[in-house]
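Following: one structure in structure tokens, then a few remarks.
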Ligand SMILES: Cc1cc2nc3c(=O)[nH]c(=O)nc-3n(C[C@H](O)[C@H](O)[C@H](O)COP(=O)(O)OP(=O)(O)OC[C@H]3O[C@@H](n4cnc5c(N)ncnc54)[C@H](O)[C@@H]3O)c2cc1C
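In the numbering used here, the protein residues as written are 4 to 465.
Spelled out as structure tokens, the structure:
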């Protein structure tokens, strides 16, 4: 759909519910894990190019966990916040092709388009992510084994590159910039608009089945077996269980409910519990995490649960607890997410090392991964991905991440930049074999190094 054709159906977008902080003030900026914290200026505008033109980086809703959405220390320029640029520009109800500004969130899309029978082809574990952020991280969902990454479904981008030019990019025009931007963490240019192929769905409800599994030897093969039967699969793991129960958990499967299965009414948003302030860091420790993990495991009383649930319940469970990251206290937390071969022996070894390294995690999620994305820095690759929420305990956490990284590299795996705050440049280079190709793109599109993040400084230098 070209820009001139784009206004076949115009839909008004509503605000995401995120308050805009005072513009242009020096303040503490952090990602979802609350670590690290960088002093910086964030500027917002409904007219996105107004703030991206001379920005050091773009930022969406700050849901990346570590330092990906933060400016480098002492950056001379501001970060451009996209969240006021949240208009749906065009939607074709026959083809499902959507054109929207980069600050539109998944929550916006669901609210406006799900009742009309269209869903995002890829959903993350929170609905509070922007289209720009989904492109930059080339996000994956519970359907990666069938749908691939977000970038597979994007038809075109409107971008502002470092020299100020605004370009329309797709698989034919500036194809290197287009592909390199998926997983490129916003470092090749600022995404202004996204053209996306939405998918038709029969209802706004999910038919879900979940099974309790006694150990990783049961859980991992079952996850792989279900890939041919279910579009959405994911498992929650009790990472504190040991011995014969190592890697026990709950396997969840889902598909869109048919019209006949779906309740007549629209799904209602459940109550949102707010964590009102940061709890003391000491409250989240090995003992409380063990109790929390035991609670989640035991809560799934029946061996199997079956039924129709809302998309909020199925995809975005954690969004039911607003500001839940505050549970980790002022020291914050990191999410360690890696993809490694989907083999029981590899997983047993990984979990064992994690526990012996003193690690414990609040929420641990296992996902099936299909083929790698098109972007040289896209995260998923064939295997299974594990994400662990680890409270930060200074050098202990750094050492744990380094030890896990060695294991991941030895097994041909890699970590997800959207979650990372601790990986060393050396480990990063050994994980991403197409890094040199992507660095050449960066030199081409930003020869003066105007766009940078705290993460790019940490991993790639200046
Ligand atoms: C609870 C939770 C669950 C999650 N589940 C998943 C999941 O299932 N799968 C998954 O893949 N990820 C998941 N994530 C990670 C999240 O999807 C990504 O970090 C996503 O990029 C966040 O989007 P954002 O709009 O908040 O971007 P931010 O966090 O603000 O920024 C993330 C990156 O995108 C860049 N960026 C943002 N906007 C633009 C733009 N307009 N132009 C150029 N670059 C831009 C930033 O520079 C930064 O590098 C989850 C995060 C949370 C907190």
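For each residue, glycine too, the CB sits at the ideal point set by N, CA and C.
Within this structure, are the beta carbons of residue 287 and residue 370 separated by less than 8 Å? Here residue 287 is taken as the residue at index 284 of the chain shown, counted from 1. Here residue 370 is taken as the residue at index 367 of the chain shown, counted from 1. The answer is no: Cβ separation not under 8 Å.
I need the boundaries of the beta strand (DSSP E) containing residue 257, first residue and last residue. Here residue 257 corresponds to residue number 254 of the chain shown, with the count starting at 1. Run containing residue 257: 252-259, per the beta strand (DSSP E) assignment.
To the nearest angstrom, how far is it from the Cα of residue 233 to the Cα of residue 53? Counting from one through the chain shown, the residue named residue 233 turns up at place 230. Counting from one through the chain shown, the residue named residue 53 turns up at place 50. In a straight line, the C-alpha of residue 233 is about 44 Å away from that of residue 53.
Decide yes or no for the touch test of the stretch 386-396 against the stretch 332-345: beta carbon pairs closer than 8 Å, at least 3 of them. yes
Alpha carbon to alpha carbon, what distance is there between residue 446 and residue 191? By 1-based counting over the chain shown, the position of residue 191 is 188. By 1-based counting over the chain shown, the position of residue 446 is 443. Distance between the alpha carbons of residue 191 and residue 446 is about 9 Å.
At a cut-off of 7 Å, is residue 321 close to ligand 1 when judged by its beta-carbon and the heavy atoms of the ligand? Here residue 321 is taken as the residue at index 318 of the chain shown, counted from 1. Indeed, a heavy atom of ligand 1 lies less than 7 Å from the Cβ.
Could you tell me how far apart the beta carbons of residue 100 and residue 175 are, in whole angstroms, since I believe they sit closer than 8 Å? Looking up residue 100 in the chain shown gives position 97. Looking up residue 175 in the chain shown gives position 172. Residue 100 to residue 175, Cβ: 16 Å. No contact.
Among 409, 202, 56, which has the Cα closest to the Cα of residue 120? As a position in the chain shown, residue 120 is number 117, starting the count at 1. The residue with the shortest Cα to Cα distance from residue 120 is 202.
Starting from residue 52, trace the beta strand (DSSP E) both ways and give me its first and last residue. Mapped onto the chain shown, residue 52 falls at position 49. It is not in any beta strand (DSSP E) - residue 52 instead sits in the alpha helix (DSSP H) that spans 51-55.
Would you give the residue range spanned by the alpha helix (DSSP H) that residue 400 belongs to? Taking the first residue of the chain shown as position 1, residue 400 is located at position 397. Residue 400 -> alpha helix (DSSP H) spans 398-413.
Nearest to residue 37 by alpha carbon, out of 71, 29, 227, 28? Within the chain shown, residue 37 is the residue found at index 34, counting from 1. That would be 71, whose Cα lies nearest to the Cα of residue 37.
I want to check one thing, is the minimum distance from the CB of residue 62 to the heavy atoms of ligand 1 below 7 Å? As a working note, residue 62 is residue 59 in the chain shown. Checking the Cβ of residue 62 against ligand 1 gives yes.
Buried or exposed: where does residue 290 fall if 16 or more other Cβ atoms within 10 Å of its Cβ makes it buried? Locating residue 290 in the chain shown gives position 287, counting from the first residue. Exposed, because fewer than 16 other Cβ atoms sit within 10 Å of the Cβ of residue 290.
Using a threshold of 7 Å, is the CB atom of residue 325 nearer than that to any non-hydrogen atom of ligand 1? The count along the chain shown starts at 1 and reaches residue 325 at position 322. No.
What does the alpha-carbon distance come out to for the pair residue 300 and residue 251? As a first step, residue 300 is located in the chain shown; it is residue number 297 there, counting from the start. As a first step, residue 251 is located in the chain shown; it is residue number 248 there, counting from the start. One C-alpha to the other measures close to 8 Å.
Looking at residue 217 and residue 248, is the spacing between their C-beta atoms short of 8 Å? As a first step, residue 248 is located in the chain shown; it is residue number 245 there, counting from the start. As a first step, residue 217 is located in the chain shown; it is residue number 214 there, counting from the start. In this structure, residue 217 lies closer than 8 Å to residue 248 by Cβ.
Report the three-state DSSP secondary structure of residue 10 (helix, strand or coil). Position 7 of the chain shown, counted from the first residue, corresponds to residue 10. Interpretation of residue 10 is limited by its pLDDT of 35, a score under 50 that renders its predicted location unreliable; no figure is taken from the coordinates.
Simplified DSSP state of residue 387, which is helix, strand or coil: On the chain shown, position 384 is the one that residue 387 refers to. Strand at residue 387.
I'd like to confirm something about residue 149: is its beta-carbon nearer than 7 Å to some heavy atom of ligand 1, or not? Position 146 of the chain shown, counted from the first residue, corresponds to residue 149. Incorrect: residue 149 has no Cβ contact closer than 7 Å to ligand 1.
Contacting residues, own chain, Cβ-Cβ under 6 Å from residue 31 (five flanking each side not counted): As a working mapping, residue 31 is identified with position 28 in the chain shown. Excluding positions up to five away in sequence, the list reads 40.
Can you give, in chain order, each stretch of the beta strand (DSSP E) that sits fully within the stretch 195-238 and has at least 3 residues? 208-216
Just reading off the beta strand (DSSP E) that residue 310 is part of, what are its end residues? Locating residue 310 in the chain shown gives position 307, where the first residue counts as 1. Run containing residue 310: 307-313, per the beta strand (DSSP E) assignment.
Could you give the distance in angstroms between the alpha-carbon of residue 455 and the alpha-carbon of residue 239? If you number the chain shown from 1, residue 455 lands on position 452. If you number the chain shown from 1, residue 239 lands on position 236. The straight-line gap from Cα to Cα measures roughly 35 Å.
Residue 105 versus residue 206: straight-line alpha-carbon distance, rounded: Numbered from 1 along the chain shown, position 102 holds the residue referred to as residue 105. Numbered from 1 along the chain shown, position 203 holds the residue referred to as residue 206. Distance between the alpha carbons of residue 105 and residue 206 is about 26 Å.
Would you mind listing the alpha helix (DSSP H) stretches within the stretch 45-92 that are 4+ residues and don't spill past its ends, in chain order? 51-55
Under 8 Å between C-beta atoms of residue 163 and residue 182: To locate residue 163, count along the chain shown from 1; it is residue 160. To locate residue 182, count along the chain shown from 1; it is residue 179. No; because the gap between Cβ atoms is not below 8 Å, this pair is not in contact.
Which whole-angstrom value is the C-beta distance of residue 80 and residue 103, which I expect to be below 8 Å? The residue you call residue 80 lines up with position 77 of the chain shown. The residue you call residue 103 lines up with position 100 of the chain shown. Not really, about 26 Å apart at Cβ, beyond 8 Å.
Span separating the alpha-carbon of residue 126 from that of residue 314: Counting from 1 along the chain shown, the entry for residue 126 is found at position 123. Counting from 1 along the chain shown, the entry for residue 314 is found at position 311. One C-alpha to the other measures close to 10 Å.
Rounded to whole angstroms, what is the Cα-Cα separation between residue 177 and residue 421? Working through the chain shown from its first residue, we reach residue 177 at position 174. Working through the chain shown from its first residue, we reach residue 421 at position 418. Answer to the nearest angstrom: the Cα atoms are 25 Å apart.
Does the distance from the CB of residue 3 to the CB of residue 27 come in under 8 Å? Residue 3 cannot be examined here, being either before or after the span of the chain that is shown, 4 to 465.
Is residue 48 near ligand 1, with its Cβ less than 7 Å from a heavy atom? Translated into positions along the chain shown, residue 48 becomes position 45. Not so, every heavy atom of ligand 1 lies at least 7 Å from the Cβ.
Whole runs of the alpha helix (DSSP H) within the stretch 117-176, excluding any shorter than 4 residues: 134-139, 147-150
Exposed or buried, residue 166, counting other C-beta atoms within 10 Å across all chains shown (16 or more means buried)? Here residue 166 is taken as the residue at index 163 of the chain shown, counted from 1. It counts as exposed.
Looking only at C-alpha atoms, which of 415, 294, 208, 145 sits nearest to residue 373? Reading the chain shown from its first residue, position 370 is the one you call residue 373. Nearest C-alpha to residue 373: 145.
Taking Cβ to Cβ, would you say residue 66 is nearer than 8 Å to residue 129? Against the chain shown, residue 66 aligns to sequence position 63. Against the chain shown, residue 129 aligns to sequence position 126. Yes, Cβ-Cβ distance for residue 66 and residue 129 is below 8 Å.
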